[in-house]
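Engineer: Heads up: the sequence shown at position 91 corresponds to 107 in the working numbering, and the numbers run straight through without jumps. We treat Cβ as the ideally placed atom computed from N, Cα and C, and that holds for glycine. These numbers were taken from a predicted model, which means no experiment stands behind them.
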Amino acid sequence: MQVIIAAGGTGGHLYPGVAIAREFERQLEAVQIAFVGTKRGLETKVMPREGYELVTIEARGIMGKGLIGGIWGLASTPVGLAQCLALCRARRPDLVIGIGGYTSPPLIAAAFLLGIKRAIVEPNAYPGMANRVLSPLAHIVFTSFAEALPFFELGKARVVGTPIRRAFLGEVPFTEVARPDAHGPLLLVLGGSQGARSINRAMTGAFPTLAQSQAGLRLIHQTGERDCEEVTAAYRAALQQLGPSVARPR
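Rendered as structure tokens:
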């Protein structure tokens, strides 16, 4: 069986795709899986690490990109479609799956034109533009939340939950700061797979006040690679001023 998955740009698209790919491999003895992405997305780092083939195409956003960005995105659309048509003709996959992002539209459209089975996975409660537009071309839509159902054709979408990797289903060792028997409140700060600069700066600005008002505060902050050094330096500076009585962020 051959499966091609379009999932790129952010971890919110990529990792559900990886979880689906792992489950195909677990349940089927002979399955070949490839991912479609761009050269600019997070997938260029994730796919080699996860051991999957990445086929890159030309695909860009259109909505919310301004006049020049929108024109550039429109110009890339026929190129990406032609690349996906060539890929599907060469490999004749049994199934293609779109999980949103810039690469889903050309892949799902190519599969539609070639009569290949098509599925869409929507991990958000409010579906993204790509999946909303593509859903009429899909045979079935899998959603994580019931709130997403009204955005799709009646009877086509099913609520199945969010695909997660089996590694998260086992026992995960706690770090020292996250031990369940540790004292003090534990604050977890998440800004998505690549972090969020607005959240990062808001947290580092608020940290001195939080640490002084919450005895034994424990903090785990997922910053994203881009802001990691800046956030770490800000926390270190705050800790030097506060002294050793507060917990160290992780």
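Gly53 by DSSP, collapsed to three states: which one?
Structural biologist: Strand, per DSSP.
Engineer: Assess, as a yes-or-no matter, whether the stretch 98-108 is touched by the stretch 31-47 under the definition of 3 or more beta carbon pairs within less than 8 angstroms.
Structural biologist: Flag = no, the stretch 31-47 and the stretch 98-108 do not touch.
Engineer: What residue from Ala231, Ala254, Gln230 and Ser209 has the CA that sits closest to Asp243's CA?
Structural biologist: Minimum Cα distance to Asp243 is reached at Ser209.
Engineer: Let me know the beta strand (DSSP E) ranges lying completely inside the stretch 93-133, each 3 residues or longer, listed in chain order.
Structural biologist: Correct list: 111-114.
Engineer: In terms of DSSP beta bridges, what is His237 paired with?
Structural biologist: Answer is Val205, bridged to His237.
Engineer: Decide yes or no for the touch test of the stretch 150-157 against the stretch 176-184: beta carbon pairs closer than 8 angstroms, at least 3 of them.
Structural biologist: No, they do not touch.
Engineer: Measure the beta-carbon distance from Phe161 to Val175 and round it to whole angstroms, keeping in mind my assumption that it falls under 8 angstroms.
Structural biologist: At roughly 7 angstroms, the Cβ-Cβ gap stays under 8 angstroms, so Phe161 and Val175 are in contact.
Engineer: Whose C-beta lies closer than 7 angstroms to the C-beta of Arg213 among residues of the same chain, with five residues either side of it excluded?
Structural biologist: Contacts found: Asp243.
Engineer: Can you pull the DSSP bridge partners for Arg174?
Structural biologist: The partner list for Arg174 (beta bridge, DSSP) reads Phe158.
Engineer: Going by CA-CA distance only, name the one from Ile49, Ile36 and Gly28 that's closest to Gly57.
Structural biologist: With distances taken between Cα atoms, Gly57 lies closest to Gly28.
Engineer: Check Leu1 in the structure and name its three-state DSSP category.
Structural biologist: Outside the modelled stretch of the chain, which goes from 17 to 266, sits residue 1, for which no answer is possible.
Engineer: Along the alpha helix (DSSP H) that carries Glu41, what are the first and last residues, could you check?
Structural biologist: Segment Gly27 to Gln43, the alpha helix (DSSP H) holding Glu41.
Engineer: The alpha helix (DSSP H) spanning Asn149 covers which residue range?
Structural biologist: Asn is not the amino acid found at residue 149; the sequence shown has Val there. Per DSSP, Val149 belongs to the alpha helix (DSSP H) from Met145 to Leu150.
Engineer: Alpha carbon to alpha carbon, how far is Gln238 from Leu204? Give it in angstroms, no decimals.
Structural biologist: Spanning the two alpha carbons is a distance of roughly 8 angstroms.
Engineer: Using DSSP with H/G/I as helix, E/B as strand and the rest coil, what is Leu255?
Structural biologist: It is helical.
Engineer: State the Cα-Cα distance for the pair Glu241 and Gly25, rounded to the nearest angstrom.
Structural biologist: Cα-Cα distance, rounded: 15 angstroms.
Engineer: Assuming the contact rule is C-beta atoms closer than 8 angstroms, Ala135 and Phe167 should be a hit. Round their C-beta distance to whole Å, please.
Structural biologist: The pair is not a contact, with the Cβ atoms about 16 angstroms apart (cut-off 8 angstroms).
Engineer: Mind checking which residues open and close the alpha helix (DSSP H) that includes Leu153?
Structural biologist: That residue, Leu153, is in no alpha helix (DSSP H); it is neither H nor E in DSSP.
Engineer: Beta carbon of Leu123, beta carbon of Val19: below 8 angstroms?
Structural biologist: No, the Cβ-Cβ distance between Leu123 and Val19 is not below 8 angstroms.
Engineer: Taking the continuous alpha helix (DSSP H) assigned at Ala218, which residues delimit it?
Structural biologist: Arg213 to Ser229 is the extent of the alpha helix (DSSP H) around Ala218.
Engineer: The beta strand (DSSP E) spanning Leu70 covers which residue range?
Structural biologist: Residues Glu69 to Thr72.
Engineer: Enumerate in chain order the residues of its own chain whose CB-to-CB distance from Arg108 is below 8 angstroms, with the five nearest sequence positions on each side excluded.
Structural biologist: Only Gln18 and Ile132 meet the Cβ criterion.
Engineer: What's the call for Leu170, buried or exposed, on a 16-neighbour Cβ count within 10 Å?
Structural biologist: Label assigned to Leu170: exposed.
Engineer: Got a sec, what are the start and stop residues for the beta strand (DSSP E) Ala22 sits in?
Structural biologist: Run containing Ala22: Gln18 to Ala22, per the beta strand (DSSP E) assignment.
Engineer: So the candidates are Ala75, Phe51, Lys55 and Ile73; which of them puts its Cα closest to the Cα of Glu66?
Structural biologist: The residue with the shortest Cα to Cα distance from Glu66 is Phe51.
Engineer: Residues in its own chain within less than 8 angstroms of His199 by CB, not counting five upstream and five downstream?
Structural biologist: These residues qualify, in order along the chain: Gly232.
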